[in-house]
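Numbering of the sequence shown is given in our numbering, commencing with residue 7 and proceeding in unit increments.
Positions of the beta carbon are idealized from the N, C-alpha and C atoms, including for glycine.
Being a predicted model, the structure only gives us computed values, none of them experimental.
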Amino acid sequence: MQDSPFSRITRTSRRLNLALFGVLPIALILISAILWSWQRLIKQEEEKLLLDFTVFMGYIEAEERFLQGFRAQNALLQGPPSTPDVSLHETPPSERQGTAFYEGRQPLFSTPFTVSCLTADCTRDQAQLSAMGSYLSAYYSTYWPTTYYPAAAAFLVNASDSVSISVPALDMPSSFRPLSQSTYLTSVDAIREQIELNHIVEQRLIDLHAPADVHERTQVQWFTAPASPNRIIGLLPAGLPSGVWRADAGSPPDVYIATLLHRDRINIFDRVLPSGLYDEFWLTRNDSGILLGEGPLPDAQEPGLHYTADGLVFKVIDDSGAWTAYYRVGYHGFFQDNLWLPVSVALLLLLSIVGGLGYGRWYNRRVLLPAQSAQRDILESEAFSRTLIETAPIALCLLTRFKGEVLFSNGLAQQWLGAQAGQPLAPSASVRTLLDKALAAVQPGTFETFLAQDGRPLFVAYAPTRYKKQDVILCAFADISARAEIERTLAQAKRDADKASEAKSTFLATMSHEIRTPLYGVLGTLELLGMTDLDCEQRQHLERIQNSSSILLQLISDILDITKIESGQLALESTVFDPRELIESCTSSYAALAHQKGLLLFSCVDTGVAPWVTGDAGRIRQILANLVSNAIKFTEAGHVIVRLRAVDQPNGNQLLTLQVVDTGIGIGAQEQSQLFLPFYQIDSASHTVRGTGLGLSICARLAKLMNSWIRVTSELGLGSSFSMALSLKPAAGPVPARPDLAGARVHVRSPHRELSEQVCQWLTMWGAHATAAPHVPPPATESDEVLLDVLRSEDGPPSDWNGRYLSAREPGARGEYGPDALDGHRLDSIGFGIQALLRGDTATPPAQPAEPEFQALGLRVLVAEDNPINQATLRNQLEQLGCTVTVASDGADALSLWPLTQYDALLTDVNMPKLNGYELASALRAQGAVIPIIGVTANAMRDEEERCMAAGMSSWMVKPIELRTLRQHLRGVTKGRAPAASPEPKPAMTTLLLASPPAPASRQVQASTPATEAPQVPAKYRELFLDTMNADLAKIDAALGRQDVLAVLQTMHRMRGALVMVKMNSLSAGFEAVEAQLKRDSANRKALQEAARLMQELRKLLVQV
7 MQDSPFSRIT RTSRRLNLAL FGVLPIALIL ISAILWSWQR LIKQEEEKLL
57 LDFTVFMGYI EAEERFLQGF RAQNALLQGP PSTPDVSLHE TPPSERQGTA
107 FYEGRQPLFS TPFTVSCLTA DCTRDQAQLS AMGSYLSAYY STYWPTTYYP
157 AAAAFLVNAS DSVSISVPAL DMPSSFRPLS QSTYLTSVDA IREQIELNHI
207 VEQRLIDLHA PADVHERTQV QWFTAPASPN RIIGLLPAGL PSGVWRADAG
257 SPPDVYIATL LHRDRINIFD RVLPSGLYDE FWLTRNDSGI LLGEGPLPDA
307 QEPGLHYTAD GLVFKVIDDS GAWTAYYRVG YHGFFQDNLW LPVSVALLLL
357 LSIVGGLGYG RWYNRRVLLP AQSAQRDILE SEAFSRTLIE TAPIALCLLT
407 RFKGEVLFSN GLAQQWLGAQ AGQPLAPSAS VRTLLDKALA AVQPGTFETF
457 LAQDGRPLFV AYAPTRYKKQ DVILCAFADI SARAEIERTL AQAKRDADKA
507 SEAKSTFLAT MSHEIRTPLY GVLGTLELLG MTDLDCEQRQ HLERIQNSSS
557 ILLQLISDIL DITKIESGQL ALESTVFDPR ELIESCTSSY AALAHQKGLL
607 LFSCVDTGVA PWVTGDAGRI RQILANLVSN AIKFTEAGHV IVRLRAVDQP
657 NGNQLLTLQV VDTGIGIGAQ EQSQLFLPFY QIDSASHTVR GTGLGLSICA
707 RLAKLMNSWI RVTSELGLGS SFSMALSLKP AAGPVPARPD LAGARVHVRS
757 PHRELSEQVC QWLTMWGAHA TAAPHVPPPA TESDEVLLDV LRSEDGPPSD
807 WNGRYLSARE PGARGEYGPD ALDGHRLDSI GFGIQALLRG DTATPPAQPA
857 EPEFQALGLR VLVAEDNPIN QATLRNQLEQ LGCTVTVASD GADALSLWPL
907 TQYDALLTDV NMPKLNGYEL ASALRAQGAV IPIIGVTANA MRDEEERCMA
957 AGMSSWMVKP IELRTLRQHL RGVTKGRAPA ASPEPKPAMT TLLLASPPAP
1007 ASRQVQASTP ATEAPQVPAK YRELFLDTMN ADLAKIDAAL GRQDVLAVLQ
1057 TMHRMRGALV MVKMNSLSAG FEAVEAQLKR DSANRKALQE AARLMQELRK
1107 LLVQV
């Protein structure tokens, strides 16, 4: 099912619900966990504060027991306490003027004590003061070790004088802060003030006649020392009997026992927690008010935890109800002590916010926006559908399934059918037939013979469907006339495209035919002329003509190659070839050219190169030849090296890298980027060599067809390197013969070290012990050692060389030493030459027996050619090869001559009147002919070969044809048959047409002037030329008389080729223009009249021949 926006929204909502039901319990659990943790923290905080209060109350109770115990013990005294004598020692001067401090220390375990008094009081009875100090110290040392709580400072103060005693002594070392003089003095002052206040209160109570138990103080009184914050003092009358302490006669001494309680001394949590347990603390007593704490009491009516703006407040009351404590814990401190809780809450809140925002964004992106987009798409789709239906070039309507009434129709349906909503279609035979088929249909169908109200034919397509909850039939009506017009237009466009493609192919074939046909006469005649006896000056002229003609032929071939590549008509062939032989033969073919310029040209082939590979050897040779030719062309001094390297690939192929390196003028970086563009030439200011600029472009395109590319490395003034890598598959082939040089000792000299090492590698692979020798080699140690010179300009061994000597030179070079056939560019020739030298043979055994270049073939050849010049050229070439020739002017004549003589081969032009070469070959094969039939054509396109092979020909040749090529095609005919009696080959040609093809003439019809168009026909061919022309004139007159345009065109085409050869250029251009006009319009009377006029001009010119 298609994933529509609604299905995505539904799926997303379902997943969202599942996610919410899954996340909600987790959120509740987290919230519950946080709340439980909060309550747990509060509970722990309450427990810690309650513990602190309990300990503090216990400390207060311990202090009260201390005071009550001392009072109870005093009640048992009968007189002054008996204590060991303790001497008092005055301490350093007091901070208060007139007050002295004395320290008493017992010898055993009692705590030292301090006595403070005015100087006058202290001197009266030191013994009594010493006894009371020892008495208090003994009780102090006995009581506190038995309790859990730390000892607090105790004071014994006589309200009747200035004497006071403290235990422990001043500045006594302890775990808590020692009692200082200032603390001592402020505490005693606070005690005396409180005693005086008590006396005032007691006196008032006595004055009010209150009962004695009311104003007698038997409970510990607690109050705050104003100058001692965080400290409270417990006060109780000491209850000493009379006579124990000095007092007024007959009255008990006014002595009080007091204790100084420090809040921090009992705060146990401050010792184990990194921060305080609380921020503020208040302690109140019902009869004393606020004892500890600053500021007003927190507003907490009931005991327990209270939440206030300033923090948590905990109120606690002891069991007696007398003591009340208030603890305030600030939120900051509380959360700082329990940092994980706010962090958890903050993280949860942050996650909730981020999750909410993310969820909102996700929900907006995955649900809301898609829903809105889907809604817009639906609205747009509906609007578009309505617009499409109304603007569609077809009529659309919906019919009810049961009644055939119109539910909906667009404008065209209303126009063509008169279809209105809620009404049936206008009754007609076509409508009844359509309704009978469509209303009963269960599958889509078509109806092709429906006629509209205006009579136009319509094509109907219908299909059952549903619309607004009811079964309907959707009908679409298309105007067939418009579709037919469109089809006709498309067909015409296809015909035009095919015609353009055919015209391009025809143009290429025509260009190849029209240029190569006369060029064949030139090159063939020049080749035959070169075989005659010529003096030195004539041969130089002939060589220049041949070179220029060859350049013209190469230019034509290059242009046709580019055209074939661009049109996709050039395909690679797959043949088995020897890569080393290809490199060596191509290099050897340019050896003479390099030698003329004084350049060293040689090849280096890896010993690991496969003997046979599969590829297009012809195109590889074409690329290599172009690169070598350019290297020689642009190198004035130095060398040109052709290298072939081989690397085995994992897929079984062999990567062959072809490289051509020269020491020429080099190529700049800017020119390298445009080097492979067609017709591009480097600025002539940088060199004097010119060219067409097509060779490298063709090489690059051929390399691309072979899945490779040409890499250029060059520096101005240093030379250039062109390389190409080809991945070729090794192939099976005949095992090549290899020299047997086992045990041979060879010293190799050459003009270049790389060449010497190359030859040594191959000789070593063939079994020899080969080394590169210097220019002057050392004398031979053995008589069979061989000194091999390769491509050296000097011929001959050194005067002191006493071994054997062999020289491998340029092809065709003759010397005093070594056989003439020893080619310095072919390794096999060198190897077999050394083998022959060591064995004492007089000549190098060739790999294959050579055939004489002009050996008579002795064949009877039938030639079918309509052009007289080409007839003469082919006849002379075949006779030069020792063949007996019969010439037929067209295919029909050749077919009639065929039964009269037994021929060994047939050479036929493919484009002839009456019966062309294809028809001739097919006719002969139909009659059972098995001889070789060789097609001769000026069309170099690949499809020409396919047509020749399809017609039954054995092979084909492209004009111009060299003697070597003609001989190669005919040589196979002589194999397997006894030599036939045949005339000896002619020693030489004496005269032949020497004209070269003219430049293209204008295609406009021009009148020729006999004075300037005198035919240039050699005497030998004058009679043949006149007979041919007169016969063709008669054929054209007859054809014009019967209005046979085809015959006129065929005859004029044949005559035009002969006119070009005799330099009747203007008349030939007129013939061409008339041909073009008649091909475009065969009923063009003006063109026929112009043809008749041209015939008259030709007759006037023939008189001058």
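Counting along the chain, the unbroken beta strand (DSSP E) around Val666 starts and ends at 660–668. Within the region 337–401, no complete beta strand (DSSP E) segment of 3 residues or longer occurs. Considering only Arg798, Gly739, Ile716, Ser720, the residue with the shortest C-alpha distance to Arg755 is Arg798. By the beta-carbon neighbour count (other beta carbons within 10 angstroms, threshold 16), Ile66 is buried. Gly362 counts as exposed, since fewer than 16 other beta carbons sit within 10 angstroms of its beta carbon. Taking Tyr332 as reference, the option from Val322, His338, Ser326 with the minimal CA-CA separation is Val322. With 16 or more other Cβ atoms inside 10 Å of its own Cβ, Thr189 counts as buried. By the 16-neighbour rule on beta-carbons within 10 angstroms, Phe27 is exposed.
Approximately 6 angstroms separates the beta-carbon atoms of Leu241 and Ile197; this is inside 8 angstroms, confirming the contact. DSSP places Ser609 in the strand class (E or B) of the three-state scheme. The shortest CA-to-CA distance from Asn657 to any of Ser609, Leu794, Leu708, Pro736 is the one to Pro736. The three-state secondary structure of Phe453, taken from DSSP, is strand. The three-state reading of DSSP puts Glu816 in coil, since its state is none of H, G, I, E or B. When the beta-carbon positions are compared, Ala1064 and Asn873 come within less than 8 angstroms of each other.
The Cβ atoms of Leu599 and Gly672 lie no closer than 8 angstroms to each other. Straight-line spacing of the CA atoms in Gln767 and Val653 works out to 17 angstroms. Secondary structure note for Arg198: its alpha helix (DSSP H) is the uninterrupted segment 187–213.
Nearest C-alpha to Asn292 among Ser93, Asp896, Phe229, Leu246: Phe229. Taking C-beta atoms as the reference points, Ile638 and Val646 count as a pair closer than 8 angstroms. Annotated three-state conformation of Gln225 is coil, per DSSP. Beta-bridge analysis with DSSP links Ile239 to Phe229, Leu266. Per DSSP, Tyr313 is one residue of the beta strand (DSSP E) stretching across 310–313.
The beta carbon of Ala631 sits closer than 6 angstroms to those of Cys592, all from its chain and outside the five residues before and after it, given in chain order.
Per DSSP, Asn164 is one residue of the beta strand (DSSP E) stretching across 159–164. In the three-state DSSP reduction, Asp316 falls in the coil class, being neither helix nor strand. Annotation for Ser143: the continuous alpha helix (DSSP H) segment containing it runs 132–149.
Rounded to whole angstroms, Pro184 and Leu162 show a C-alpha spacing of 18 angstroms. In the DSSP assignment, Cys481 falls within the unbroken beta strand (DSSP E) covering 477–485. The C-beta separation of Asp790 from Ala814 comes to about 19 angstroms, leaving the pair out of contact by the 8 angstroms criterion. For Arg372 and Leu357, the gap between their C-alpha atoms comes out near 21 angstroms.
Taking the C-beta atoms as reference points, Ile840 is found no nearer than 8 angstroms to Val765. In this structure Leu82 is not in contact with Ser136, their Cβ atoms being roughly 21 angstroms apart against a cut-off of 8 angstroms. Using a C-beta cut-off of 8 angstroms, the region 916–934 makes contact with the region 893–905, since at least three inter-stretch Cβ pairs fall below that distance. Under the three-state reduction of DSSP output, Thr770 falls in the helix class. Under the three-state reduction of DSSP, Trp288 is assigned to strand. Ranked by Cα distance from Gly310, the first of Asp177, Ala482, Phe59 is Phe59.
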